[in-house]
Every structure is written in structure tokens, then in C-alpha cells.
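The next block holds one structure in the form of C-alpha cells; read it before the comments.
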Amino acid sequence: MDDITWEEPFCGEGASCFRLGTDAAGNAYIAIAGQEESPLTDSRDALRRMILDIKAGKADHLL
Numbered sequence: 022m023d024d025i026t027w028e029e030p031f032c033g034e035g036a037s038c039f040r041l042g043t044d045a046a047g048n049a050y051i052a053i054a055g056q057e058e059s060p061l062t063d064s065r066d067a068l069r070r071m072i073l074d075i076k077a078g079k080a081d082h083l084l
């Protein structure tokens, strides 16, 4: 897997912590903090939309 540059963890109230990352080719990744070796990957736009929705509280029922 390409080298991924990870951002600081984003943690919800239930201590669910996620990290976002990108590689040199512009691919976006999301992983549970501490499990960065097995991230989910999708287009940058798809992951951006998902993270914006999470931060807006649209997924609080999942945390």
C-alpha cells in the first residue's frame, strides 16, 4: 500500500476515533484510530462527504 499521510484522530462522544488520510496519488482513506493498516478507501469526494456528514451529526446514532 502507498504511504498514507494520516490526519489527527476525530473522536466522537462514544470514544469512536477515526483517522483520515491521503496518499501521493490523491486517494482518500479512513480508518479506525489504531487500525490504520486496514483502511477503507474510496474517492476523495465520497469520503469527504461522509466525514462532513459525520461531523454534522448525521451519524450520531451510529456512534
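Just so you know, we're using my numbering here: the sequence shown kicks off at 22 and counts up by one. Quick reminder that beta carbons are idealized off the backbone N, C-alpha and C, glycines included.
- Glycine 42 places its beta carbon less than 9 Å from that of isoleucine 25.
- If you draw a 10 Å sphere on the C-beta of leucine 68, you find 16 or more other C-beta atoms in it, and that means buried.
- Of Leu73, Cys32, Ala49, Ala77, the smallest CA-CA separation from arginine 65 is found for Ala49.
- Judged by their CB atoms, isoleucine 51 and cysteine 38 are not nearer to each other than the 9 Å cut-off.
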